[in-house]
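Input: a single structure, listed below in structure tokens.
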Amino acid sequence: MSTIETINDLHFSEGELKIMERRATRLVFKPLVFSWMAFAFAVTLSWSVLAGPGDNSLVIGTSQEPRTLGGDFLSVISNQAIKTEVQHFLFPDILSVDLDSKDYAVLATEAPTVENKRVRFSDNAKGQRRVEIDFTLRSDIKWSDGKPITSDDVQFFYEVGKAKGMPVLNPDYWTRVGLKVKDKQSFTVSFEPAYYTDLQGGPNAPIGYRPAHIMRAEWEKTKAAADKLDSSKDAEKLNELYRSFFQKFSSPEAINKGAMVFSGPFAVKRWVPGNSIEMVRNKHFVLTPPGGAEKYLQKVVYRFIGNTNSLLVAILGGQVDVTSSVALTFDQARSPQLTSRAPGRYDIWFVPGAIWEHIDVNKFTSVQKVKDLQLDNVKTRQALLYAMNRDGMTKAFFDSLQLVANTWIAPVNPLFDPNVIKYSYNIEQSRKIFAELGWKPGKDGVLERTAEDGRTVKFEIEFVTTAGNAVRERAQQFLADNFKQVGITVKINNAPSAVVFADDFIQRGSEGKWTGMFMFAWTSSLAEQGNLFACKDPVTLATFMPTKENNYQGQNVGGWCNEEFDKLRSQAVVEFDEKKRKEIFSKMQQLWGNQAPSLPLYFRSNPYVVAKGLLNFVTSAYAGGFGYPSWQAWTLGWEQKGAKKLFDQTKYAKK
Amino acid sequence: MISYTLRRLLQIVPLLLAASVVIFTLLTLQPGDPLDEIRQQNPQLTAEQLKELEHAYGLDQPIYVRYFKWLGRVLQGDFGQSRTYAQPAAQYIFSERMPKTLALSGIALLLALMVAIPIGILSAVRQYSLTDYSITFFSFVGFSTPVFFLGILLLYFFAIVLPEHPINFSIGSFDISWNWPALPTGGRPNIFWSDVTEGTINFFDFIGQWAYYLILPVMTLSLIQMATWTRFMRASLLEVLSQDFIRTARSKGLAERKVLYKHALRNSLVPIVTLVGLAIPNIFGGAVITETIFSYPGMGTAILESLTGKDYNVAMAALTFLAVLTAFSTLLADLLYAVVDPRIRYD
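Same order as they appear, the protein sequences are chains Y and Z.
Heads up: the first sequence begins at 0 in numbering that gives the first Met the number 0, then just goes up one per residue.
Heads up: the second sequence begins at 0 in numbering that gives the first Met the number 0, then just goes up one per residue.
Structure, rendered in structure tokens:
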């Protein structure tokens, strides 16, 4: 019985009841009609970004937003890959790295080499190498306000980095670097003690620059205030002071007010925090692409879409032309929604990178589990490697677009040795090695042995990785199944990255915080120094294995100590002859391969979606220092607008 | 009433202090610290260098020292600097993020109420009819649908599917062609209020561009809220319609319009007003899932990013503000209850 019928106990007529119903119904439609009218109004005011060849602009989609730009040149406030990528449009390097990982001069007249006498070596009193590198800046380079770029700007960069209590992220560099300015164009950078990596180009390498005529006045005030403070007692105040200085030239507000000038092919026009950075062509930039700058991009917009699913939708909807180095995941780049719409619209490239997925194995003999499972024994690790079907995994999960790793050095690195031992999937070999080590399958199929103290030990090994990382968790399941085939039981112990990468976990292998295998990634840098697996430098006595004695510092988290490797490493970092250095690193890789201190998995490939017709948005693992497609931003352009093709992605990537 | 209000206001002070202690402690106890990102990106840093950085950031001090330092600054109106956004934390939260969240959540709530209240009335007045069952069904579908699912669905439909299916047909010799405009997949327009004050764009263009970007996120939030408020309204009105005073009003011969609007509706809106008062913190707090899906730079994503990025100053500013807002909005809800319902009196 309806309420109306109940109300009709009051004896309203049928007609009156119908009127009451109609009035109640109308109450609904008025707001609904209004709402839809508002929607239609908004739609008719529709406005969309005119992107692409139409107005010679480019929209780059990225999942991260830089927190600062420009003025934060020592990365005191933020140190992000996306910041470096965007800054390639704004501040080209003095010396940069090309697609083939070779140094080339951008703002300098030529790349310094021993042959052109711009690189000189000597030894200091302690027998350490000292290197001096001469640079000459081009005489025609200017800031976006028309003022010339000179050695003053390099001197300014150097002065700020050397300031008392500056919380720099690379204190070792600032301890060793020296600068001598000769004139407005020429200066010499020195390093003592010197490493071969000091000769490499890239962002702020071997030295940076920033507009002294814009920043110096404020810096003098900051320096005067800092001089009154003690660097140890007032460290926090000093930190705030310096951050405040950098903020005045790098925050979105500062950039929008024009507090900064730019030296690159583009200058920031507008930064809408949380949304986009719009950059327009800088008429004062002197490096001209073939045919003239007007035939190349006039506007570039970085569009921040934090959620990668939403970014994918933006690509599918045509609201983004290309993706940055920090954008889609591998799985998303292979998704049918994206690949089915690709023909005629965009290319999807997979650029082999330098991020090395691997499994570190705990080898600290202070941990009982390590002794029980004999993880400190090279044969155990070799047996584990033979049990892993890494080729099958990369084929099944990544269509073989991510290369199986056999060393920690990326195949794209010039130091890579392709002749390192390859542990191909071989279950029989794995079982044979375990048998040699005394392991026998128990009644439940799990390997067991009698330990030295008479206990029966089962091969149950802990396996840690970052929870929530779907790719790693999938790989973990695959490998757990592989290990099961040889009688190994895996105990998965995943946790969020904030937990597993906290100092009190990953660095505490020696205390048994993690006792078995830990799957994560390191970056295989072009400036490779072999620190990942170094134990103790025989010359400097620096330690790289985290233990209580060194306050748990170092990247050698699995605890591998090999004197021969350490000796080779200490020779390699000061070997400036490329050929000899390659030979030393080859020996290191051979030794590493034979000893298998960790279980290499694969090198990640970075997916890029690039709209058809866009030219020179090409990258490789180390372009621009670390795989930035903006490494030669002044050559980006649309074919339809007359740009010329200078670089070919097929040489450095797969589709 | 005044003494009650004053008593409540006095109670708020220790409450907020306790809340700030809890928030600060929980933030500090979460795994990791603000230097995690630096450690991971710069593994070559030695133990001594990391200690110096910890000292520089004040992270080597005990929790209580850091809390009282923070409290001292806050009482002087300084919420500290955002470690990650290179600006004062208060400016980042209150000037940059909050207005956008107010726009999104406020419009969504308004739209939801404008639709839900009449639909709830209709559903109550036509109880157990086909209309009522239909509204109930869609309400259940509405508040059972996860926000992230609805958001992605709307995004996919309006930004991709619809534009890929333009309308093309002919009537006689006339060809009709309509291309659906692709709604933005998120973000906000590339304009500031200063563009209006400087005359670069006009006011209506400014509103129009913002409206365009708000369509999908507002739809996502309001559709789900509509479902909930519809059920509230229906339940509330049904309860009132069964009261004796309604029966008395009708028996006195009052017009149906007056019975529904002046007597039934007013009384049924009492709990709705209270609930709206309690929903105020949510308007300011943002809708983190919706904002994430649509890359909308609001309070929700600001709080999430500050928590995951260990930007303690921003997190404390935002969460403390929400605690203050919750305390005052519950007081406001209680006072409003007394205003709309004369039976309620506080001593």
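The beta-carbon is built from N, C-alpha and C at its ideal position, and this holds for glycine as well.
Under DSSP, Thr449/Y shares a beta bridge with Thr455/Y.
If you draw a straight line from the Cα of Lys294/Y to the Cα of Ala55/Z, it comes to about 49 Å. Contact check between the segment 197-210 of chain Z and the segment 127-143 of chain Z: fewer than three CB pairs, one atom from each, fall below 8 Å, which does not count as touching. Three or more pairs of CB atoms, one per stretch, sit closer than 8 Å, so the segment 501-514 of chain Y contacts the segment 555-562 of chain Y. Residue-level contact by beta carbon holds for Ser294/Z and chain Y, with a gap shorter than 7 Å.
For Pro192/Y and Ala526/Y, the gap between their C-alpha atoms comes out near 16 Å. Of the candidates Met165/Y, Gly201/Y and Tyr208/Y, the residue whose Cα lies closest to the Cα of Leu178/Y is Tyr208/Y.
Phe477/Y places its beta carbon 7 Å or farther from that of Met278/Y.
Excluding five sequence positions before and after Thr307/Y, the CB atoms of its chain that fall closer than 8 Å to its own CB belong to Ser62, Ala326, Leu327, Thr328 and Gln331, given in chain order. Taken in chain order, the complete beta strand (DSSP E) segments of 3 or more residues contained in the segment 589-616 of chain Y are 597-610. For Thr322/Y, no CB of chain Z lies under 7 Å from its own CB, so it is not counted at the interface with that chain. The beta carbon of Ile159/Z falls within 7 Å of a beta carbon belonging to chain Y, placing the residue at that interface.
The CB of Gly198/Z never comes closer than 9 Å to any CB in chain Y; the least such distance is about 16 Å. Residues of chain Y with a Cβ closer than 8 Å to the Cβ of His54/Z are, in chain order, Ser231, Ala234 and Glu235. In the DSSP assignment, Val299/Y forms a beta bridge with Leu57/Y and Met278/Y. Under the 7 Å criterion on CB atoms, Leu74/Z is classed as non-interfacial with respect to chain Y.
The C-beta of Arg66/Y comes closer than 7 Å to at least one C-beta of chain Z. Counting of Cβ neighbours within 10 angstroms places Arg265/Z among the exposed residues, the total staying below 16. At least one beta carbon of chain Z lies nearer than 7 Å to the beta carbon of Pro170/Y.
Residues of the segment 71-93 of chain Y with a Cβ closer than 8 Å to any Cβ of chain Z, in chain order: Asp71, Ile76, Ser77 and Asn78.
Nearest Cα to Thr393/Y within the set Pro495/Y, Gln475/Y and Gln318/Y: Gln475/Y. Cβ proximity to chain Y below 7 Å picks out Gly185, Gly186, Arg187, Asn189, Gly207, Gln208, Ala210, Tyr211 and Ile214 from the segment 185-216 of chain Z. Non-local C-beta neighbours of Leu153/Z in its own chain, meaning closer than 7 Å and more than five positions away in sequence, comprise Leu215, Met218 and Thr219, ordered along the chain. With fewer than 16 other CB atoms across the displayed protein chains lying within 10 angstroms of its CB, Thr24/Z is exposed.
Assignment of Ser62/Y by DSSP, reduced to helix, strand and coil, places it in the coil class.
Under the Cβ distance rule, Tyr260/Z does not count among the residues neighbouring chain Y, no pair being separated by less than 7 Å. Around Asp32/Z, the same chain offers Leu58 and Lys309 as residues with beta carbons nearer than 7 Å, after the five sequence neighbours per side are excluded. Against chain Z, the beta carbon of Gln246/Y has neighbours under 9 Å at Gln80, Ala85 and Gln86, listed in chain order. Judged by beta-carbon spacing, Leu318/Z lies beyond the 7 Å limit of Pro280/Z, meaning their Cβ atoms are not closer than that value. Taken through DSSP and simplified to helix, strand or coil, Leu94/Y comes out as strand. When the Cα atoms are used, Ser275/Y and Val463/Y turn out to be separated by approximately 37 Å. Within the same chain, Val269 come within 7 Å of Asp340/Z by CB-CB distance, once the 5 residues on both sides are set aside. As the crow flies, the alpha-carbon of Phe205/Z is around 32 Å from that of Ser77/Y. Checking the DSSP bridge columns, you'll see Glu461/Y partnered with Lys490/Y. If the five residues before and after Ala382/Y are omitted, its C-beta is found closer than 7 Å to the C-beta atoms of Ser429, Ile432 and Phe433, all from its own chain and listed in chain order. Its Cα nearest to that of Thr291/Z, the residue Phe147/Z stands out among Ile166/Z, Ala46/Z, Arg246/Z and Phe147/Z.
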